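Protein chains in written order, with our numbering: chain S, 82 to 242; chain A, 82 to 242; chain U, 82 to 242; chain L, 82 to 242; chain P, 82 to 242; chain B, 82 to 242; chain H, 82 to 242; chain R, 82 to 242. Where is the CB? At the ideal position from N, CA and C, for every residue including glycine. Predicted model only: the values in this text are computed from it and were never measured.
8 protein chains.
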Amino acid sequence: MNSKVAIIMGSDSDLPVMKEAAEILDEFAVEYELTVVSAHRTPERLYNYAENAEKNNFDVIIAGAGGAAHLPGMTAAVTDLPVIGVPVKTSKLNGLDSLYSIVQMPPGVPVATVAINGAKNAALLAVQILARKDPELREKQKEYREKMKNKVLATASSLEE
Amino acid sequence: MNSKVAIIMGSDSDLPVMKEAAEILDEFAVEYELTVVSAHRTPERLYNYAENAEKNNFDVIIAGAGGAAHLPGMTAAVTDLPVIGVPVKTSKLNGLDSLYSIVQMPPGVPVATVAINGAKNAALLAVQILARKDPELREKQKEYREKMKNKVLATASSLEE
Amino acid sequence: MNSKVAIIMGSDSDLPVMKEAAEILDEFAVEYELTVVSAHRTPERLYNYAENAEKNNFDVIIAGAGGAAHLPGMTAAVTDLPVIGVPVKTSKLNGLDSLYSIVQMPPGVPVATVAINGAKNAALLAVQILARKDPELREKQKEYREKMKNKVLATASSLEE
Amino acid sequence: MNSKVAIIMGSDSDLPVMKEAAEILDEFAVEYELTVVSAHRTPERLYNYAENAEKNNFDVIIAGAGGAAHLPGMTAAVTDLPVIGVPVKTSKLNGLDSLYSIVQMPPGVPVATVAINGAKNAALLAVQILARKDPELREKQKEYREKMKNKVLATASSLEE
Amino acid sequence: MNSKVAIIMGSDSDLPVMKEAAEILDEFAVEYELTVVSAHRTPERLYNYAENAEKNNFDVIIAGAGGAAHLPGMTAAVTDLPVIGVPVKTSKLNGLDSLYSIVQMPPGVPVATVAINGAKNAALLAVQILARKDPELREKQKEYREKMKNKVLATASSLEE
Amino acid sequence: MNSKVAIIMGSDSDLPVMKEAAEILDEFAVEYELTVVSAHRTPERLYNYAENAEKNNFDVIIAGAGGAAHLPGMTAAVTDLPVIGVPVKTSKLNGLDSLYSIVQMPPGVPVATVAINGAKNAALLAVQILARKDPELREKQKEYREKMKNKVLATASSLEE
Amino acid sequence: MNSKVAIIMGSDSDLPVMKEAAEILDEFAVEYELTVVSAHRTPERLYNYAENAEKNNFDVIIAGAGGAAHLPGMTAAVTDLPVIGVPVKTSKLNGLDSLYSIVQMPPGVPVATVAINGAKNAALLAVQILARKDPELREKQKEYREKMKNKVLATASSLEE
Amino acid sequence: MNSKVAIIMGSDSDLPVMKEAAEILDEFAVEYELTVVSAHRTPERLYNYAENAEKNNFDVIIAGAGGAAHLPGMTAAVTDLPVIGVPVKTSKLNGLDSLYSIVQMPPGVPVATVAINGAKNAALLAVQILARKDPELREKQKEYREKMKNKVLATASSLEE
């Protein structure tokens, strides 16, 4: 059975940020499901989604939310899967509210928090987790790193000319 | 049937703050229940507690929590009762994390937020809400306000001497 | 006698934010008055407005203000009605000044604070308060919640396709 | 008729901070009255105090308050006298809430804000204002400045030895 | 000899903000001088300007600056005149750097700080100070306050219709 | 070959915080190594440690640091293993500096950040990651969650009595 | 052998900010190299660049980076040359994250930090350092200061007219 | 003529922090003068001190100050020597006010800012600057770095046992 990642977000207004996670998973050929699960507007759905995530063959959940961002933490409260939280930038407090609401979890229930709007890194973190049991992914990680390095070196060369 | 207030908190470490709410309700002779409901460690209990609060004859819920404080917001996500949130001061971010996590709720699900460690005001707000349908409480509000004013005036007199 | 809500704001520059409260009350068919009461430019008017609010058959006051936002707190200082404070976003400190000025009230005088620019939630909180003595409003609350949930589920479905 | 300064504060818990203002005024032999005026617990008293301040021969009002500190701004809303605001340090937000609530006044109603717990400077500012119409005070200002300078030079000398 | 106000700023990029102070002084027919004095680029000029301000018949100095805003505080260090500081909004830290640099003065050297970009209130504060020795200005203050109040009442009326 | 976790920290002053991670791993019987690797004082050691971590059979690295906390991010820059960052509270900026330095990583190099001083959750997150390939750990997760829940319920019962 | 400055940055998106450093060095006729060195994407390159900087006849390194800005600190960890850090403004936390990540270095490894986006000052600081061993540069410093002063005086004159 | 460093501070209350700079310079056998120069209480002294620093054979100035910390910036405004600013922690805003007041200098006048209370690093930075023209100091730098590294390695060894 293949590994699968769930990408959930509190509102479809988070989609422009969160779709970057999907693009990275596409690049690594990791299967995923992307949907909206609102902690505040559909608490029951959140509960069921998190409760069944492991049975539904997910290995990692990426959850993005803004403001009083409860989605990642409440998901982590229900499942034993690793939950990666993406604090989405807000127009008022710049995403500081999202960051605090996601990262300051109490002892016992961790959320692996990435940068504000850091959906891309959330997906790379998911790949790192999956790679622990998937040697093929480990190869792809090396290629990705190599490509990233070469891009910087190319920029450096053109600047130094 | 008398009005009743639920005072819930994320952890018993919040008790020194939250018991001030109980003391105010005692002063106004308002019935209440005080207990611990952890959003992160007992999500199912939170869901059931909030779901049944109205049936259990509560009119208002006061919820205190610190850090990534999800208890007030998740309670408000499940019940139609007014939920009053008390951001509890934390040793790291001084309760700013608690405040942001509680007050920055998305449209559709309000939490009536009071000051950091403002449990006393949470109870007074509950009294204000209950007083809307209870003329006796309205009389007690006037007395309380009068007492408060007189205390300031007495201090002022002694300072001016 | 029907319930009535007062929506007041410090300046008409707050109107684009505060009219969202009026729209929600329209949706719930709750009667309201909307006006400008400046704590700093018309302190006497503020005093009189708050003093007479209960006699004028208001049950709840929603007060929005920005910067050194004194309107909600000073209103609460004069009336026994529940006062809901809306911190309006400012161009300089993003509304953090408004939030602190409204939420950090001293013991004895609560303001039920909602999110920065959270006028919609202020109105929903007013509905929750009024619903405690109005069974019809309680029915409307359920419908509102249901509609909100269905909107999320529809978005989720379209995303999952 | 001599000049007179009013030193008011929101609560007697502000006294340890605010009495430093009194000490400076004593040093400059400026007459003053020191008392408690709570914006939130005695709004009427605040209104009357500010309304009559000029008639009562005050020239400057120093107002200290903490948290959602409305006392300086509301005093300024009622009187035409210069109002000096002292943001008192709070145990939760370190006085940042007090500072924002006092300094971010809207156009039309200024408060002359000094540092957090800066009661001493509030009094010196009052002296600067009074000195504009009192040549004797101007002499005392020069002496004060000289003393201050000499104290630094003495410290410098002892350090350089 | 008439009263005179100095309006100085750290850079001509502060002019759009600081000219609002000039407009208010025009409205009150208070004489003023407006110029650029950079604490960092022309420290000697700053020193001389402040040193001679009293001799040059200024009664009040309004100083606006942004970032590490040293102009108001250094002016206050040299003169015994009241110095009013205007923290100018910056593109990076929103003027919080300006505010802290201006308001957090050490004991002995006050700066009367107004809101971020609050040049208008700086001028009104200057008027309040000058009015202490100028009965005519006191009359104008009353008119200004009246006009301000009436403007709010007019807005209120049009909203309530 | 068993899974193994590296717990590294920037300085032994971080040990009181970081040893909580070790205690959790002991509780789950997960093998670990705990040591000091200073990004700033021993950059070469950091490079080698991270470079060889995978070869040395580590599956996850937990890195704690305070202030300009570069250890987690630089470790993540060198290895493909998941790196969990623990922002250690500082005496000056309360750990906000640590948090920003760890969580705000650029696209391409994620660090899974937990709460300030959240070493316990860092270890639980490591367990969640290892559990993805270790069914025994998944059983232990369930027991841990059950114990945590029961502790809350016991507290709740004693409070409700 | 002439003095030489290295201007490095974490990404070419920092170029619009960092090229201001180059312009200043051009103005002072100081030789420099400008390139991209990513701490996170090319850690080995960073290590080598810093390690060899002194041998490559650099006297000062200017390093600009944004977010979890590790480039200046890690460069300082490897070389004994003075390293000047430029916190680049970020779209989310306004450069506060960059500032904290760069300035809050632990004892033993300093980074000379300038203002957010302060690349111009970074170059002037480099000139100040080089001038300590280069009398010609000291002359140019005086001219630069003179020009700067005259520009302010010209603006002042035109404003005062 | 030997190199010499000036260590100045705004008040002798900064001495416990600033003497750490002296201790490092002792360790490197760099000559220094340590004294108090208050920007606000002795502006003339500041002006003279900075003006004559180069003539008095100083190569670098280390300036520590807290709150509205103008000493480093004003010193830099007067001298062409490199000025290193040490933001001293304050009891109210934790040194954030000091940091902003020192680091956010306008273009043209740099201050090399170190961490809050980072006097030790200020001295190391001074050594780095002096070392550019003093080969002996460069040798001592290498020894210092080696000692620092060995201390970490010793701690690491004892932890790994």
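Cβ contact check for the segment 198 to 210 of chain A and the segment 200 to 220 of chain S: 3 or more pairs under 8 angstroms:
no
Would DSSP call P:Pro-216 helix, strand or coil?
Locating residue 216 of chain P in the fifth sequence gives position 135, where the first residue counts as 1. Looking at P:Pro-216 - three-state DSSP - the assignment turns out to be helix.
Using a Cβ-Cβ cutoff of less than 6 angstroms, which residues in the same chain neighbour H:Met-147 once the five nearest sequence positions on both sides are dropped?
Stepping through the seventh sequence from its first residue, residue 147 of chain H is reached at position 66. A small correction: the amino acid at residue 147 of chain H is Gly; Met does not occupy that position in the sequence shown. Correct list, in chain order: Val-169, Thr-171, Ser-179.
Would P:Asp-93 pass as a contact of H:Thr-236 if the rule is Cβ separation under 8 angstroms?
Looking up residue 93 of chain P in the fifth sequence gives position 12. Looking up residue 236 of chain H in the seventh sequence gives position 155. Taking 8 angstroms as the Cβ cut-off, P:Asp-93 and H:Thr-236 qualify as a contacting pair.
Measure from the alpha carbon of U:Asn-129 to the alpha carbon of each residue in U:Ile-105, U:Ala-212, U:Glu-104, U:Met-155, then state which is nearest.
Against the third sequence, residue 129 of chain U aligns to sequence position 48. When each option's Cα is compared against that of U:Asn-129, the closest is U:Met-155.
Just verifying my parser: in three-state terms, what is the DSSP assignment at A:Thr-236?
Counting from 1 along the second sequence, the entry for residue 236 of chain A is found at position 155. Helix, per DSSP.
Does the structure place the segment 116 to 134 of chain H close enough to the segment 185 to 198 of chain B that three or more beta carbon pairs sit under 8 angstroms?
The segment 185 to 198 of chain B is in contact with the segment 116 to 134 of chain H.
Regarding B:Met-90 and the ligand ZN, is the C-beta to nearest heavy atom distance less than 7 angstroms?
For the structure depicted, the ligand ZN is absent and the ligand set is empty, with no information on it obtainable.
Beta-carbon contacts of L:Leu-211 that lie in its chain and below 8 angstroms, excluding the five residues immediately before and after
Translated into positions along the fourth sequence, residue 211 of chain L becomes position 130. Closer than 8 angstroms at the Cβ level, and outside the excluded window around L:Leu-211, lie Ser-84, Val-86, Val-111, Asp-140, Val-141, Leu-218.
Would you report the Cα separation of S:Val-117 and R:Val-98, rounded to the nearest angstrom?
Here residue 117 of chain S is taken as the residue at index 36 of the first sequence, counted from 1. Here residue 98 of chain R is taken as the residue at index 17 of the eighth sequence, counted from 1. Taking the straight line from one Cα to the other gives about 52 angstroms.
Based on Cα-Cα distance, which residue from S:Gly-145, S:Leu-127, S:Arg-126 lies nearest to S:Leu-96?
Locating residue 96 of chain S in the first sequence gives position 15, counting from the first residue. Closest by alpha carbon: S:Gly-145.
For a quick check, are the C-beta atoms of S:Ala-149 and A:Ile-143 less than 8 angstroms apart?
Translated into the one-based positions of the first sequence, residue 149 of chain S becomes position 68. Translated into the one-based positions of the second sequence, residue 143 of chain A becomes position 62. Result no, Cβ atoms of S:Ala-149 and A:Ile-143 do not sit closer than 8 angstroms.
In the DSSP assignment, find the unbroken alpha helix (DSSP H) run with P:Thr-156 in it and report its ends.
As a working mapping, residue 156 of chain P is identified with position 75 in the fifth sequence. 152 to 159 is the span of the alpha helix (DSSP H), which, as asked, contains P:Thr-156.
Excluding the 5 residues preceding and the 5 following B:Lys-221 in the sequence, name in chain order all residues of the same chain whose CB lies nearer than 7 angstroms to its CB.
Translated into positions along the sixth sequence, residue 221 of chain B becomes position 140. So the qualifying residues of the chain are Phe-109.
The segment 226 to 241 of chain H: which residues have C-beta closer than 9 angstroms to a C-beta of chain P, in chain order?
Result list: Arg-226, Met-229, Lys-230, Lys-232, Val-233, Leu-234, Thr-236, Ala-237, Ser-238, Ser-239, Leu-240, Glu-241.
Sequence-distant residues of its chain with Cβ nearer than 7 angstroms to L:Ala-134 (five each side left out)
As a first step, residue 134 of chain L must be located in the fourth sequence, where it is residue number 53. Cβ neighbours of L:Ala-134 beyond the five flanking positions: Ala-87, Ile-142, Thr-160, Leu-162.
R:Leu-174 - DSSP class collapsed to helix/strand/coil
For this step, residue 174 of chain R is matched to residue 93 along the eighth sequence. DSSP places R:Leu-174 in coil when its eight states are reduced to three.
Does the beta-carbon of P:Asp-107 have 16 or more other beta-carbons within 10 angstroms, so that it is buried, or is it exposed?
Residue 107 of chain P sits at position 26 when you count from the first residue of the fifth sequence. With fewer than 16 other Cβ atoms within 10 Å, it is exposed.
Taking the alpha carbon of U:Ile-197 as the point to measure from, which residue in U:Pro-216, U:Leu-174, U:Leu-127, U:Arg-213 has its own alpha carbon closest?
As a first step, residue 197 of chain U is located in the third sequence; it is residue number 116 there, counting from the start. The residue with the shortest Cα to Cα distance from U:Ile-197 is U:Leu-174.
Proximal chain B residues relative to A:Thr-156, where beta-carbon distance stays under 7 angstroms
Taking the first residue of the second sequence as 1, we reach residue 156 of chain A at position 75. Going along chain B, no residue has its Cβ under 7 angstroms from A:Thr-156, so there is no contact; the nearest lies around 15 angstroms.
Of all the CB atoms in chain U, is at least one closer than 8 angstroms to the CB of P:Ala-196?
Counting from 1 along the fifth sequence, the entry for residue 196 of chain P is found at position 115. Chain U, which has a Cβ nearer than 8 angstroms to the Cβ of P:Ala-196, makes this yes.
Am I right that U:Lys-214 and A:Lys-232 are in contact with their C-beta atoms under 8 angstroms? What's the rounded C-beta distance?
On the third sequence, residue 214 of chain U is found 133 positions in, with the first residue counted as 1. On the second sequence, residue 232 of chain A is found 151 positions in, with the first residue counted as 1. No, U:Lys-214 and A:Lys-232 are not in contact; Cβ-Cβ is about 32 angstroms, not under 8 angstroms.
Exposed unless 16 or more other CB atoms sit within 10 angstroms - verdict on B:Pro-153
Numbered from its first residue, the sixth sequence carries residue 153 of chain B at position 72. Classification of B:Pro-153: buried, given that the 10 Å Cβ count is 16 or more.
Please state whether DSSP places H:Ala-103 in a helix, a strand or coil.
Working through the seventh sequence from its first residue, we reach residue 103 of chain H at position 22. Reduced to three states, the DSSP call for H:Ala-103 is helix.
Who pairs with H:Thr-116 in a beta bridge, going by DSSP?
Here residue 116 of chain H corresponds to residue number 35 of the seventh sequence, with the count starting at 1. H:Ile-89.
Taking U:Ala-102 as the reference, which of U:Val-195, U:Glu-132, U:His-151, U:Glu-125 has the closest Cα?
Reading the third sequence from its first residue, position 21 is the one you call residue 102 of chain U. If we check each option's Cα against that of U:Ala-102, U:Val-195 comes out closest.
Between B:Glu-241, B:Val-192, B:Ile-89, which lies nearest to B:Leu-115 when the distance is taken from Cα to Cα?
Taking the sixth sequence and counting its residues from 1, one reaches residue 115 of chain B at position 34. Ranking the options by Cα distance to B:Leu-115, first place goes to B:Ile-89.
How would you list, in chain order, the residues of chain H whose beta-carbon sits under 7 angstroms from the beta-carbon of R:Lys-214?
Position 133 of the eighth sequence, counted from the start, is the residue given in the question as residue 214 of chain R. Going along chain H in sequence order, the residues near R:Lys-214 (Cβ under 7 angstroms) are Arg-213, Lys-214.
What residues of chain U sit near S:Leu-115, judged by a beta carbon separation below 9 angstroms?
In the first sequence, counting from the first residue as 1, residue 115 of chain S sits at position 34. Under the 9 angstroms cutoff, chain U gives Leu-240, Glu-241.
Any C-beta of chain E within less than 8 angstroms: which residues of the segment 170 to 203 of chain H qualify?
Here the protein chains are S, A, U, L, P, B, H and R, and chain E is not one of them.
CB of A:Ala-193 within 8 angstroms of CB of A:Gly-166, strictly:
Mapped onto the second sequence, residue 193 of chain A falls at position 112. Mapped onto the second sequence, residue 166 of chain A falls at position 85. The answer is yes: Cβ separation under 8 angstroms.
With S:Pro-124 as the anchor, note down where its alpha helix (DSSP H) starts and where it stops.
Position 43 of the first sequence, counting from 1, holds the residue named residue 124 of chain S. Segment 124 to 133, the alpha helix (DSSP H) holding S:Pro-124.
Taking H:Leu-206 as the query, report the chain R residues whose CB atoms sit under 7 angstroms from its CB, ordered along the chain.
Within the seventh sequence, residue 206 of chain H is the residue found at index 125, counting from 1. Near H:Leu-206 (Cβ distances below 7 angstroms), the residues of chain R are Pro-163, Pro-191, Ala-193.
Under 8 angstroms between beta-carbons, which chain P residues line up against L:Lys-249? List them in chain order, please.
The first residue shown for chain L is 82 and the last is 242, placing residue 249 of chain L beyond what the model contains.
With a cut-off of 8 angstroms, does the C-beta of L:Asp-93 fall near any C-beta of chain A?
Locating residue 93 of chain L in the fourth sequence gives position 12, counting from the first residue. Yes - at least one Cβ of chain A is within 8 angstroms of the one on L:Asp-93.
Between which two residues does the beta strand (DSSP E) harbouring U:Ala-146 extend?
Along the third sequence, read from residue 1 onward, the residue named residue 146 of chain U stands at position 65. Counting along the chain, the beta strand (DSSP E) containing U:Ala-146 begins and ends at 141 to 147.
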